[in-house]
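**Q** Dropping the structure in here first, questions after.
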Amino acid sequence: LENGKRKSSSAFQVPEPKRLKYGEASRRSELLEQRRSLPIASASKKLVEEVQKNDTLIVIGETGSGKTTRYCKFGSMVGITQPRRVAAITVATRVAEEMGVQLSKEVGYSIRFEDATSSQTKLKFMTDGMLLREALLDPLLQKYSVIILDEAHERTIHTDVLFGLLKGVQARRREVSKVGTDPEAGDQNKQDKTVAKASEHQTQIQSQMEANSRNGNSKIKQLKPLKVIIMSATLDAQGFSEYFNGAKAVYVQGRQYPVQIMNTYTAEADYLDAALITTLQVHQEELPGDILVFLTGQEEIENMERLLTERIAFLPEGSRKILVAPIYAALPSEQQMRVFEPAPSGYRKVILATNIAETSLTIPGIRYVIDPGLVKAKAYNPRIGVESLAVVPISKAQAAQRSGRAGREGPGKCFRLYTVEAFNQLQDATVPEIKRCNLASVMLQLKALGIDDVLGFDFMDKPSRAAIVKSLEHLYTLGALTDEGKLSDPLGVQMARFPLEPLYAKAMLVSSSFKCSEEMLTTVAMLSAESIFFTPREKFKEANAARQRFSSPEGDHITLINVLRAYTQEVEGGQSLDSEAHHKKFEKKLRGWCSTNFINGRSLRRALDIRRQVRGYVEGMGLELVSCGDDFTHFRRCLTASFFLNSAHKQADGKYRALSSGQTVAIHPSSVLFGKKPDCVIFNELVRTNQQYIRSLTRIDSLWLAELAPQYYSTRDVEDAARPTTQQEDFHSH
Ligand code: ADP
Ligand code: MG
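Note that the UniProt record's numbering numbers the sequence shown so that position 388 is 397, with each residue one more than the last.
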């Protein structure tokens, strides 16, 4: 702004000659016009008819056409999955509002560790992961008559597994309803591949049915067929249709105005800076209309919010003001809803959003989109079995969705912070998540569902054999599978029951033998809650000083335990009752305590909540809860026994090497061990930015690895670990 050089480096071109990009946008609207002349089910009524006629229906419609909020009302119990927690909450809130009912009554939502439903709930929004969990307890998903898999184009791993699972459930429910009247009818469906594949599972259900009918419970016999609706914002209905045995696709009419697309002349080295400058440029030079900026995560959004707030102060006297509205998963839900409120007059709203705003949410009023072309995504290397979170380029399909957000209510503009050449090099479509993440968790769930032949599971896009095998090996190493590849009893069965990643579930289960299950419970809860510490830039020093109080020389896990212990002592008077009512009493005090100690109040509350729920599972399994008190050696040994797959060793040159993968890694600056140079650590997270970082660390004795995980490490491995290595691994992402 006040820097002319920077401003010009971020200037945009409307591509010349022939206004190339603009031409593309027009072709796009031409296509849209054509689509409007297709047989369109624009009315809700017509869609209801189609649902009645078809057991499986594919609904395609531009983002914002009303798929999620308007076409979800199909009578009795309807379950709607969303790939993200934020979407499940905000959309449920919106629909409840539209229907004039109280949230969690007729309309509710269910996400991991948070259930806002009641016995009256007829419309239940949930994350796709939650529905998968429900299938473990209710394999026929009996309480649902309709299941909508929303945002299917996102192809999250859970949605992909649900595709196969629901296909099987449909076949079995059809069969069950036939068996109810004609016992022979079951055989006719034998050709159904999915049914045959899940035959064992079927036997289980069969006996459940028999037991039910013996008890005079005929409920299962009356099961209606399950209706499945696949909702997608992209036009490729064909792939879905082929997979679902030629299911019918209908198109929901949407409106899309032309969006002028602009690219930078040159590549921008610092996309955050470019996004900031562009936001201010648009604000000063363009007509009214809100701005949507796509960023990759909470930290980036908070940074941007601070930078923008600083710059706003320098806006010329009398010009329109800016209202910044962030939205990301960890933001309190009341604040999440704020992005939907119209800006007061005289203000322009600038929404800073993660990928959530790409297709999951439609925010009214947006006329300008700023797209740095990046997204945070999982990347997995099956050869070494390592998954990490990384900021990667989006696909062309995603770029089109993002720019589309600017043309919802009138013509708009999209500023791409990358060159036309860079755009041309993007992949056409995003690779389904199932092909680029660790499969251990879903494989464990499939096994728990009685689907033993996971390699033969009916995936829409099959993950590579290597990736499946690697994840099975991983589960085997953790003791969750037997030599025959079956779920081990009790370890594997119990691991699958926990609503936790297999590694965390394992940690919980072994912790009682290390006499530190109270501490592991806290660790799992605090790690699941994420971002416990709150570090505002302007109070960086104070925040760090406050954190010193909790900091443990042994590492981040014990530091987190110290936070919870201090909270319990100083706020709840030393009594950790793990009850909702008990925590509620300290609501106000918690807020004050968190703000003095630079703790993220919402995260801590969530951690307490998760702790209470995981405790319920632990007690339900009859496991003992014991505390190690102040002797953390047992706890650190327990971490070693649980997370041995993630160990890193200091090399002669001072760098760190992850033992199982051979990758060179660095300690993340957020760790209390940053700069402390411990010899050997175990870690919980791998984050890739400009290099591979490990996060959430605890110092361990490297010899413990061979002692506590002899199935994986020999003493020799551990001794060799400190030698320098030249081995480097490339990371494959999409
Ligand atoms: P789709 O699922 O097809 O992308 P939605 O059902 O999410 O579409 O949205 C339909 C319309 O409802 C959008 O055009 C949007 O303007 C409006 N809408 C959705 N959610 C909200 C909200 N929370 N506040 C205001 N308007 C909303
Ligand atoms: Mg939607």
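By construction, the Cβ of each residue, glycine as well, lies at the ideal position given by its N, Cα and C atoms.
Quick one: grab the DSSP three-state call for H292.
**A** helix
**Q** In the DSSP assignment, find the alpha helix (DSSP H) that holds P508 and state where it starts and stops.
**A** Neither: P508 is in no alpha helix (DSSP H) and is coded neither H nor E.
**Q** Thinking D688 and S669 are a contact (beta carbons under 8 Å), I'd like their distance in whole angstroms, please.
**A** Not a contact, Cβ separation roughly 17 Å.
**Q** Under 8 Å, do I691 and F652 count as touching if we go by C-beta distance?
**A** In contact: I691 and F652 (Cβ atoms closer than 8 Å).
**Q** Mapping the DSSP letters down to three states, classify K55 as helix, strand or coil.
**A** helix
**Q** Put S480 into one of helix, strand or coil per three-state DSSP.
**A** When DSSP states are grouped into helix, strand and coil, S480 belongs to the helix group.
**Q** Which full runs of the beta strand (DSSP E) of 3+ residues lie inside the region 277 to 358, going along the chain?
**A** The qualifying runs are 299 to 303, 330 to 336.
**Q** Can you list, in chain order, the residues of its chain whose CB lies under 7 Å from that of Q622, leaving out five sequence neighbours each side?
**A** F122
**Q** In chain order, what are the residue ranges of uninterrupted beta strand (DSSP E) at least 3 long that sit wholly in the region 612 to 672?
**A** 656 to 659, 665 to 667
**Q** Taking 7 Å as the cut-off, is the C-beta of P373 nearer than that to any heavy atom in ligand 1?
**A** True, at least one ligand heavy atom lies under 7 Å from that Cβ.
**Q** Taking the alpha carbon of T544 as the point to measure from, which residue in N553, A538, S537 has its own alpha carbon closest?
**A** N553
**Q** Would the beta-carbon of A505 fall within 8 Å of that of L512?
**A** no
**Q** In chain order, what residues of the same chain lie with their CB nearer than 6 Å to the CB of S537, ignoring the 5 residues before and after it?
**A** I619
**Q** Determine, for Y377, whether the minimum Cβ-Cβ distance to residues of chain B falls below 8 Å.
**A** As a matter of chain content, chain B is missing from the structure shown, which is built from one protein chain.
**Q** Is S369 close to ligand 2? I mean its beta-carbon at under 7 Å from any heavy atom of the ligand.
**A** Checking the Cβ of S369 against ligand 2 gives yes.
**Q** How would you call A242, buried or exposed, if buried means at least 16 neighbouring beta carbons within 10 angstroms?
**A** Burial call: buried.
**Q** Tell me whether Y462 is buried or exposed, calling it buried when 16 or more other Cβ atoms sit within 10 Å of its Cβ.
**A** Here residue 462 is Asp; the residue named in the question, Tyr, does not match the sequence. D462 is exposed by the Cβ-count criterion.
**Q** G416 and Y266 look like a contact to me (Cβ under 8 Å); what is the Cβ gap, rounded to whole Å?
**A** 4 Å
**Q** Could you pull out every residue in the same chain whose Cβ sits closer than 8 Å to the Cβ of L530, ignoring the five residues on either side in sequence?
**A** Same-chain partners within the cutoff: M517, S520, R620, V623, R624, V627, L634.
**Q** Spatial neighbours of A616 within its chain, please: CB distance less than 6 Å, with the 5 preceding and 5 following residues excluded, ordered by chain position.
**A** A534, M535, A538
**Q** In this structure, how does DSSP classify E42 when only helix, strand and coil are distinguished?
**A** Reliability fails at E42, whose pLDDT of 42 lies under 50, so the model's placement of it is uncertain and no value is given.
**Q** List the whole-angstrom C-beta distance separating A675 from Q701, where the pair is believed to meet the contact cut-off of C-beta under 8 Å.
**A** 7 Å
**Q** With H, G and I counted as helix, E and B as strand and the rest as coil, what does DSSP make of C81?
**A** coil
**Q** Classify L112 as helix, strand or coil using the three-state DSSP reduction.
**A** strand
**Q** Compute the Euclidean distance between the alpha carbons of V57 and A555, then round it to the nearest angstrom.
**A** For V57 and A555, the distance between alpha carbons rounds to 57 Å.
**Q** Between S74 and ligand 1, is the CB less than 7 Å from at least one heavy atom?
**A** yes
**Q** If distances are taken between C-alpha atoms only, which option among A409, I89, K524 comes closest to S636?
**A** K524
**Q** With respect to the beta strand (DSSP E) encompassing M135, which residues constitute its N-terminal and C-terminal limits?
**A** Here the beta strand (DSSP E) through M135 covers 132 to 136.
**Q** With a threshold of 8 Å, are at least 3 pairs of Cβ atoms found where one atom belongs to the region 127 to 143 and the other to the region 390 to 409?
**A** no
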